Every structure is written in structure tokens, then in C-alpha cells.
Amino acid sequence: MTPSKAVTAVRGFRARTEPDKVRLQLAKDLIADLKRFDEQLAANKQKMTELLDEHGTGLRDIDGVGPVLAARILGCTGRASRFPTSAAYANYTGTAPIQIASADASRYRLSRYDDRQLNSAIYTIAMIQIRMPGSDGRQYYDKKIAEGKTAAYARRALKRHLAAHLWRLMLADETRAARPLSNELSTAS
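Numbering (numbering that gives the first Met the number 0), first residue to last: 0 to 188.
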């Protein structure tokens with residue numbers, strides 16, 4: 000329900016008792032809060048879009064990544080070049096599998112020593128891509144299922160695949176941003 004629909008619904012309500020008046024006032028206060036929060040979210044999204052445009056990132060080109068997720072990923076990651084490999088970045092995001100061996104059984108699980116907000120952002124991207132029939136993520140997920148893997152395994156594999164893709168993209172963005180600076184330094188000499 001949107002705030003405008005809520006206003007319409009409340010407008011038709013007439014309070015007859017004192018508790019009804021209190022409920023009506025509380026409902027009006029909640030609707031005002033919702034309007035304010037919607038305005039704040041729109042303003043935050045606009046500000047993030049402007050900052051991402053300044054940053055020059057290609058993260059928003061990935062299916063399922065909007066300005067909010069892109070800003071969250073960049074904020075949690077920092078400089079992508081601080082990770083020597085995509086595996087190191089996957090370990091940081093918690094998408095790299097860890098082997099758990101006990102007696103004759105050996106299995107893999109995801110790390111719990113990671114940046115949980117970054118892991119959550121990658122999970123969100125993976126779930127959005129799985130739900131999008133034409134996305135690269137859905138094709139990767141379907142390929143894993145066709146190989147006989149479970150849905151949970153395919154989802155984890157997609158998250159690891161996305162982490163590597165995000166790292167490469169952020170690294171390319173850093174390189175592209177540093178290139179004009181190095182050109183300016185060489186022409187100033």
C-alpha cells in the first residue's frame with residue numbers, strides 16, 4: 000500500500016469513540032512517516048546515482064544491480080586492487096567455499112568470517128539474476144543444475160562466480176580512473 004492509497008483509505012474513516020480517534024491519529028502519523036521515508040529514499044537513490052556517475056563504475060550494468068546495491072558493494076569493498084586475486088576477494092565476501100573434512104566425508108561450506116553486508120549484496124544479485132530468465136546468472140545457474148548439482152550448490156556457485164565478476168569489473172574501473180591521472184602527470188613533466 001502506498002501512502003496516497005493509505006490517505007484515501009483513512010479519509011473515509013470516521014472516529015466515533017475516543018480510542019477510534021487515537022487510532023486514526025496514529026494511522027495519520029504513520030502515513031506521514033511513510034511519505035517522509037519515501038522522499039528520503041528517493042533523495043538517497045538520486046544522490047547515490049550522482050556519486051556513482053562521478054565514480055564511473057560499470058557495476059550498474061550487471062543485471063540486478065541498481066544504484067543502492069552498487070553503492071553498497073563499493074562502500075564495503077573499498078579499493079578492489081587491495082585484493083591480489085579474485086579468490087582473495089571471494090574469500091573476503093564469503094563466497095569462497097571452505098573444505099570441511101571429517102573422517103571419510105569431505106564437503107564444502109561457505110565462510111562465516113566475511114563481510115556479511117557484502118555477502119548479502121551478492122546474494123541479492125544472485126537471487127535477482129536467478130529470477131530473470133534471460134540473465135547470464137540464470138544461464139550459469141541452469142548450467143549447474145543440468146550438471147546434476149543441487150539448487151543450493153548452484154546458488155553458491157553463482158555467488159562465487161558473481162564475486163569474481165564484480166572484482167574484475169571494479170579493478171577495471173580503478174584502472175580506467177587512474178589512467179587519466181597518470182596521463183596528466185606525464186604531460187606535466
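From the three backbone atoms N, C-alpha and C, an ideal C-beta is built for every residue, glycine too. Predicted model, so just to flag it, every value in this text is computed and none were measured.
- Non-local beta-carbon contacts of T92 in its own chain, meaning distances under 7 Å to residues more than five positions away in sequence, involve D113, D114, L117, N118, I121, A162 in chain order.
- It is roughly 23 Å from the alpha-carbon of M0 to the alpha-carbon of T123.
- The beta carbons of A70 and I30 sit no closer together than 8 Å.
- Under the three-pair Cβ rule at 8 Å, the stretch 144-161 does not count as touching the stretch 72-84.
- Fewer than three pairs of CB atoms, one per stretch, sit closer than 8 Å, so the stretch 40-56 makes no contact with the stretch 8-28.
- As the crow flies, the alpha-carbon of T84 is around 29 Å from that of A145.
- In the DSSP annotation of this structure, the continuous segment of the alpha helix (DSSP H) that includes P2 starts and ends at 2-10.
- Under the three-state reduction of DSSP output, I99 falls in the strand class.
- In chain order, A86, A89, S110, R159 place their CB closer than 7 Å to the CB of A95, counting only its own chain and leaving out the 5 sequence neighbours on each side.
- Put simply, the backbone Cα of A125 is about 30 Å away from that of S101.
- Non-local C-beta neighbours of L170 in its own chain, meaning closer than 7 Å and more than five positions away in sequence, comprise A79, S80, ordered along the chain.
- When secondary structure is reduced to three states using DSSP, S134 falls in the coil class, being assigned neither helix nor strand.
- The Cβ atoms of D135 and T56 do not sit closer than 8 Å to each other.
- By a beta-carbon distance limit of 8 Å, L168 does not contact Y139. Their separation comes to about 16 Å.
- Per DSSP, reduced to three states, the secondary structure at Y107 is strand.
- Separation of H54 and Q128 (C-alpha to C-alpha, rounded to the nearest whole angstrom) is 24 Å.
- Take the alpha-carbon of R10 and the one of D32: they are about 17 Å apart.
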